[in-house]
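If you read the protein sequences in the order shown, they are chains P, E, A, C, U and F. With the numbering used here as the guide, the letters of the first sequence map in order to residues 71 to 302. With the numbering used here as the guide, the letters of the second sequence map in order to residues 71 to 302. With the numbering used here as the guide, the letters of the third sequence map in order to residues 71 to 302. With the numbering used here as the guide, the letters of the fourth sequence map in order to residues 71 to 302. With the numbering used here as the guide, the letters of the fifth sequence map in order to residues 71 to 302. With the numbering used here as the guide, the letters of the sixth sequence map in order to residues 71 to 302.
Number of protein chains: 6
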Amino acid sequence: MSTPLMNQLGIVKRNIERADRDASERLGKLGSATVHEAMGRVGLLKPCMRPIWPGAQVGGTAVTVLLHPGDNWMLHVAAEQIQPGDVVVAALTAECTDGFFGDLLATSFMARGAKALVIDAGVRDVRVLKEMGFPVWSRAISAKGCIKSTLGSVNIPVICAGALVNPGDVIVADDDGVVVVPSLDAARVAEVAERREALEEEKRAKLASGVLGLDMYRMREPLAQAGLRYID
Amino acid sequence: MSTPLMNQLGIVKRNIERADRDASERLGKLGSATVHEAMGRVGLLKPCMRPIWPGAQVGGTAVTVLLHPGDNWMLHVAAEQIQPGDVVVAALTAECTDGFFGDLLATSFMARGAKALVIDAGVRDVRVLKEMGFPVWSRAISAKGCIKSTLGSVNIPVICAGALVNPGDVIVADDDGVVVVPSLDAARVAEVAERREALEEEKRAKLASGVLGLDMYRMREPLAQAGLRYID
Amino acid sequence: MSTPLMNQLGIVKRNIERADRDASERLGKLGSATVHEAMGRVGLLKPCMRPIWPGAQVGGTAVTVLLHPGDNWMLHVAAEQIQPGDVVVAALTAECTDGFFGDLLATSFMARGAKALVIDAGVRDVRVLKEMGFPVWSRAISAKGCIKSTLGSVNIPVICAGALVNPGDVIVADDDGVVVVPSLDAARVAEVAERREALEEEKRAKLASGVLGLDMYRMREPLAQAGLRYID
Amino acid sequence: MSTPLMNQLGIVKRNIERADRDASERLGKLGSATVHEAMGRVGLLKPCMRPIWPGAQVGGTAVTVLLHPGDNWMLHVAAEQIQPGDVVVAALTAECTDGFFGDLLATSFMARGAKALVIDAGVRDVRVLKEMGFPVWSRAISAKGCIKSTLGSVNIPVICAGALVNPGDVIVADDDGVVVVPSLDAARVAEVAERREALEEEKRAKLASGVLGLDMYRMREPLAQAGLRYID
Amino acid sequence: MSTPLMNQLGIVKRNIERADRDASERLGKLGSATVHEAMGRVGLLKPCMRPIWPGAQVGGTAVTVLLHPGDNWMLHVAAEQIQPGDVVVAALTAECTDGFFGDLLATSFMARGAKALVIDAGVRDVRVLKEMGFPVWSRAISAKGCIKSTLGSVNIPVICAGALVNPGDVIVADDDGVVVVPSLDAARVAEVAERREALEEEKRAKLASGVLGLDMYRMREPLAQAGLRYID
Amino acid sequence: MSTPLMNQLGIVKRNIERADRDASERLGKLGSATVHEAMGRVGLLKPCMRPIWPGAQVGGTAVTVLLHPGDNWMLHVAAEQIQPGDVVVAALTAECTDGFFGDLLATSFMARGAKALVIDAGVRDVRVLKEMGFPVWSRAISAKGCIKSTLGSVNIPVICAGALVNPGDVIVADDDGVVVVPSLDAARVAEVAERREALEEEKRAKLASGVLGLDMYRMREPLAQAGLRYID
């Protein structure tokens with residue numbers, strides 16, 4: 071059954087069902103690559119989404135925002151809906167690289183307990199944001215500010231950088247990119263990902279000691295069957 | 071409530087609720103620009119989606135496919151689910167410009183009654199497709215073919231060129247691009263769009279006679295209030 | 071002396087000095103490649119500016135418009151300033167691919183005598199525009215319409231696709247792209263370009279008869295001096 | 071053993087070993103998609119290489135040219151090396167969208183018997199080139215002309231749009247793109263491709279009659295084994 | 071009145087009117103985002119212009135250079151025109167990512183008192199430039215060097231990354247991008263920007279204390295009037 | 071004579087002739103810009119190839135890999151062919167931004183003595199790779215992992231980011247980009263580059279003392295001859 075979208079501009083949903091906090095924290099610690107793998111390789115935002123400063127790694131629950139190009143009014147509306155542990159996920163109705171977010175909004179978001187912003191557009195004040203330690207993943211950096219004149223929505227399902235994000239979903243972001251985990255799947259994915267991570271530790275030690283992946287993963291036979299030929 | 075997506079690879083949904091056929095036809099005749107306007111300016115696929123030959127205009131109901139880069143296996147699976155009047159909408163799990171679709175698949179799709187293909191990737195045999203009169207909207211054209219080895223899904227919600235498409239939604243496509251109309255909204259949007267279209271006829275006649283939009287739309291006063299100054 | 075730009079939003083300049091009509095027509099007939107060459111290889115808009123339908127070739131005088139992303143209000147203001155033989159040149163304050171122009175505005179522009187539109191953004195209704203025979207050079211095609219809420223300006227100097235266009239300058243556009251000729255230079259450039267064109271006719275005949283450019287342009291000696299070596 | 075490339079600027083190789091003419095013609099008739107498939111999916115130039123007018127399809131032997139950005143001197147040198155049935159393949163030492171080739175050079179190339187140009191840069195006079203019936207595949211169209219001042223080379227191995235082209239290789243180009251077939255492989259690839267083409271005729275007839283690819287290709291069992299589930 | 075551009079290649083203007091030094095310094099301290107806002111949101115270079123190392127922030131007066139692709143001869147000519155406090159702004163006649171500038175030119179520029187380089191092309195030796203503390207904003211980084219053979223100009227109006235820069239204008243650049251302020255406007259913009267900045271301090275404190283932007287900016291009423299609905 | 075490429079999938083060449091180790095080390099110390107210059111400005115990979123962390127500079131001998139989009143199986147095969155001092159160079163048969171390489175493969179590569187990876191695709195685990203000190207030059211960063219199912223080849227000639235790389239060639243990479251030096255040319259290029267570097271030291275000192283490049287390079291006369299005019 072398809073979702074009616076026509077009436078979804080100008081809406082703020084106040085009560086959203088957030089993913090389990092514990093699962094969200096655990097997913098954040100695992101990182102985007104491990105979580106994406108555990109998800110069965112779905113849920114990744116496009117790789118044009120890059121951190122504005124390196125080294126941050128977060129897991130949090132999505133407060134979603136739908137914005138119009140050049141207009142950041144709804145980010146102020148979204149601020150009120152933030153709860154500690156949330157990550158704001160901002161999507162746009164059309165491509166735009168303007169700077170929708172800077173140090174003032176970051177101050178407000180941090181005061182509300184936001185852990186990060188993921189925005190399919192540009193941001194500014196990036197040096198200050200780094201000094202404040204507020205992580206942002208964005209498509210662009212731009213000094214161009216925004217107006218505040220058109221309604222979007224808060225906490226509706228949005229498509230951000232090619233991925234569907236529902237309010238309350240878990241967002242995992244680090245230097246490798248941004249992954250969304252549906253809230254109902256969060257606990258299960260965390261478990262799968264942690265098992266995966268544990269196995270990687272062992273593999274790492276073996277590979278460091280000089281064992282080849284060819285042997286560790288028993289690839290020699292399937293490679294030969296696929297027809298791989300060694301020549302001199 | 072968020073949608074669990076983890077189990078959605080390897081699924082074919084056979085019975086989908088298609089939008090009203092009549093609404094779908096009417097929307098197709100109105101074209102993407104008028105329908106997008108009537109929708110409140112949502113539902114447009116990214117403008118990188120271009121027709122492979124000019125002049126086609128269609129309205130149809132979506133059979134959706136989720137494909138992996140370089141692998142078109144699921145397009146064969148999708149063929150069986152096509153009913154007359156459908157438009158196949160193919161999304162990818164990652165960006166790819168390979169040629170997923172050519173004249174053989176088009177022959178099969180046409181035999182099943184498909185009206186068009188919308189694909190967030192590449193296609194090939196474009197000269198033959200044009201001769202066959204089968205319309206395609208794609209992101210690329212490429213002679214590179216695909217393998218058939220990984221499962222995707224058919225008739226699950228997909229994100230195609232930045233827009234959410236549910237199976238059964240109406241797809242409207244022409245030289246201006248591709249718009250998706252949720253199936254429940256189809257009749258209402260068709261009505262809004264037709265009223266809009268009727269009004270445009272009158273406006274066109276007035277503008278052709280030399281009346282200015284400034285006067286016809288009564289813009290002079292709001293422009294003056296906004297501070298517009300005429301200088302010589 | 072630098073131009074103050076700060077007060078230039080919200081301005082419509084009514085009386086502009088248009089380039090000589092005769093020079094404008096002659097330049098149009100010569101085409102963008104010949105004119106660009108005669109200009110000393112300056113004045114070309116970026117090659118992302120493409121005709122929405124092939125085969126049109128125009129020369130006209132610029133009515134300039136500065137637009138904000140997603141807002142086409144000033145195109146209606148510009149319509150009133152159009153005189154027969156003008157080409158409307160629309161620049162944007164930030165990148166945007168929305169469809170700023172469609173068949174209604176084209177109807178109005180044609181009624182005023184406009185010869186074409188050059189716009190550093192998107193347009194829509196392209197099939198109808200082609201049927202109407204109204205030529206457009208744009209960066210994109212998009213069904214997404216615009217709002218009418220923010221002031222820009224008309225007939226101020228603008229930067230369109232990387233080139234400075236002053237109101238009244240000559241715009242030459244064809245399938246190879248768009249060139250701007252400063253109005254004071256129009257007559258002189260037309261003369262240079264026509265001499266160039268005349269010479270090309272002779273060259274074309276020689277080359278068609280099998281004479282090599284190497285001989286016709288006497289390149290063999292400079293090539294040898296530059297060190298070109300022929301090997302077998 | 072690696073190829074020394076350092077001395078390869080300023081060289082024109084006169085005697086090159088061209089692929090078999092018959093194989094070259096047969097490959098041209100098969101088209102880029104079929105030939106690329108028969109090659110084992112290698113040899114395709116990047117899909118940014120597009121025909122400047124639709125509908126042309128050629129097979130010919132490569133005369134290669136290495137050009138510097140903004141400098142088309144070596145195209146004149148290359149003209150002398152063209153033999154009937156050749157396709158000129160022009161590579162660049164760095165990215166450039168300037169118009170390196172127009173109607174004068176095309177006149178000369180046609181007089182020498184060239185079948186087409188493939189160039190990893192821009193061309194101009196595209197309307198005239200279409201009228202002349204001279205096919206070009208290029209990355210861009212631009213009115214900007216070139217200077218003639220720096221040596222490149224003719225008939226050395228070049229990398230054009232991501233593919234290695236040796237002088238004498240077969241170039242197959244149509245609306246789907248451009249493929250290079252090494253000269254020694256030409257006859258064998260032509261044979262493989264023709265067998266492939268013959269099989270496609272049968273398949274086309276079956277699919278047109280309503281037989282599904284699922285059955286014709288016997289995909290149902292492997293799909294089930296891969297875990298495909300049908301739901302209602 | 072349009073500017074004749076035809077004779078502007080091969081010119082070096084020695085005496086240019088530089089913006090007020092004090093205003094230039096004050097604007098540099100304010101940063102690109104604040105200055106762009108104070109300008110009324112004009113004057114921003116395209117966001118593809120990025121610092122080659124993070125953290126630099128400068129304000130200076132423009133010495134402009136017009137370069138041809140692959141040719142950096144005029145940067146040496148420009149060096150002589152540099153006065154302490156200048157920022158060199160280099161524009162190109164066509165797109166190019168070559169490395170036009172490295173540590174030798176930087177040594178020379180620094181010896182002349184230049185504060186930075188803004189170039190719509192590529193640069194190289196970026197690790198050394200960072201060690202030297204010489205800031206550069208560029209579109210690309212490339213090891214490819216340039217030739218010295220074609221005349222451009224110094225201290226003529228140029229279009230750099232989509233913005234018109236006149237010699238003597240103020241250039242403000244930081245991690246958010248690059249803004250140009252016309253020299254006549256410099257003092258006024260500095261004043262507006264400083265007032266703006268002062269207000270931001272207060273706002274920052276309020277927001278940090280938990281006050282919402284919704285209340286601080288009194289947005290609740292206009293949002294309600296625009297039709298915003300809160301749902302649970 | 072053209073190279074047959076058809077049989078080159080599914081091959082691993084074990085014994086390759088590596089460039090002289092000493093020349094490789096010396097080239098690495100000189101850096102990509104100096105080496106590229108000494109090569110006569112050929113051999114540079116496209117500037118989209120960027121280091122995933124700044125400051126690394128390497129010279130090593132190429133072990134080449136040809137990969138299919140989304141499939142990193144052959145990187146495991148390549149690991150076994152690595153000798154101390156090698157740089158793995160991975161090319162793709164079609165564009166792809168997936169993350170082909172992460173900390174596990176890096177552990178294995180480092181255990182084998184690899185100095186770096188150059189890959190015309192994406193990588194992941196970039197924060198860990200930086201902590202490990204393993205340098206990578208790539209086109210993209212992406213959390214999306216790969217499958218292991220299709221044969222490519224190891225130690226065949228590949229085209230990586232537009233440059234031909236033969237196994238055993240020297241790879242020089244730093245913050246300015248990546249250059250390939252044919253193995254037979256390595257010693258000679260190193261010599262040319264070192265002489266060039268020595269001369270630069272002197273020039274740097276002169277320029278730092280305030281001598282202008284105009285005088286040091288004796289450019290004033292050729293500039294005047296080319297027609298440069300100084301105006302006030």
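All residues carry an ideal CB built from backbone N, CA and C; glycine is no exception. Keep in mind that this is a model prediction, so the values were computed, not measured.
A Cβ-Cβ separation of about 5 Å places S223 of chain U in contact with I81 of chain U under the 8 Å criterion. Closer than 8 Å at the C-beta level to chain U, one finds no residue of the segment 94-126 of chain C. Only residues of its own chain outside the window of five on either side were considered, and among them A161 have a CB closer than 7 Å to the CB of I229 of chain P, listed in chain order.
Remark: three or more beta-carbon pairs, one from each stretch, lie closer than 8 Å, so the segment 174-187 of chain E and the segment 137-150 of chain E are flagged as touching.
A Cβ-Cβ separation of about 11 Å leaves V193 of chain P out of contact with G215 of chain P under the 8 Å criterion. With a threshold of 16 other beta carbon atoms within 10 Å, E291 of chain E falls short and is exposed.
With respect to chain C, the C-beta atom of G130 of chain A has no partner C-beta closer than 8 Å. Contacts with chain A at 8 Å (Cβ-Cβ) include S212 of chain C. Within 10 angstroms of the beta-carbon of D285 of chain A lie fewer than 16 other beta-carbons, which makes it exposed.
Rounded to the nearest angstrom, the gap between the Cα atoms of L277 of chain A and M109 of chain U is 56 Å. Look at I301 of chain A: its C-beta is under 8 Å from a C-beta on chain C. The three-state reading of DSSP puts P227 of chain A in coil, since its state is none of H, G, I, E or B. Three or more beta-carbon pairs drawn from the segment 231-242 of chain E and the segment 96-106 of chain E are found closer than 8 Å, and the two stretches are therefore classed as touching. Rounded to the nearest whole angstrom, the CA to CA distance from E270 of chain E to D141 of chain E is 44 Å. Against chain U, the CB of K185 of chain P has no partner CB under 8 Å away; the residue lies outside that interface. For the segment 155-189 of chain U, residues whose beta-carbon sits nearer than 9 Å to a beta-carbon of chain C comprise T163, A164, E165, C166, T167 and D168. Remark: C-beta atoms of L115 of chain P and G247 of chain P approach each other more closely than 8 Å. In the DSSP assignment, A108 of chain U falls within the unbroken alpha helix (DSSP H) covering S102 to A108. For D173 of chain F, the uninterrupted alpha helix (DSSP H) run begins and ends at D173 to R182, by DSSP. The beta-carbon separation of A191 of chain A and C166 of chain A, rounded to 5 Å, stays under the 8 Å limit for a contact. L221: these are the residues of the segment 219-239 of chain F whose beta carbon lies less than 7 Å from some beta carbon of chain P, given in chain order.
Taking A257 of chain A as reference, the option from A:A210, A:R84 and A:R91 with the minimal CA-CA separation is A:R91. At a cut-off of 8 Å between beta-carbon atoms, L137 of chain E makes no contact with chain P. Going by beta carbons, T163 of chain F and N225 of chain F fall outside the 8 Å limit. Residues of the same chain with a CB within less than 7 Å of the CB of E95 of chain E, apart from the 5 flanking positions on each side, are G129 in chain order. Under the DSSP assignment, R258 of chain A falls in the alpha helix (DSSP H) whose first and last residues are A256 to A278.
In the DSSP assignment, L136 of chain C falls within the unbroken beta strand (DSSP E) covering V128 to L137.
Counting along the chain, the unbroken beta strand (DSSP E) around W207 of chain E starts and ends at V206 to I211.
D156 of chain P and A268 of chain P have their C-alpha atoms spaced approximately 27 Å apart. Under the 8 Å criterion on CB atoms, A191 of chain F is classed as non-interfacial with respect to chain P.
Per DSSP, reduced to three states, the secondary structure at G283 of chain E is helical. With respect to the 8 Å criterion, V159 of chain C and A132 of chain C are classified as neighbours on the basis of their beta carbons. Taking the Cα of I86 of chain U as reference, the smallest distance to any Cα among U:E107, U:P227, U:D168 and U:T220 is reached at U:P227. A direct Cα-to-Cα measurement between W207 of chain U and R120 of chain U gives close to 5 Å. Counting the other Cβ atoms within 10 Å of the Cβ of I301 of chain P gives fewer than 16, which makes it exposed. Apart from sequence neighbours up to five positions away, the residues of its chain that approach A231 of chain P with a beta-carbon distance below 6 Å are L115, K116, M119 and D190, ordered along the chain.
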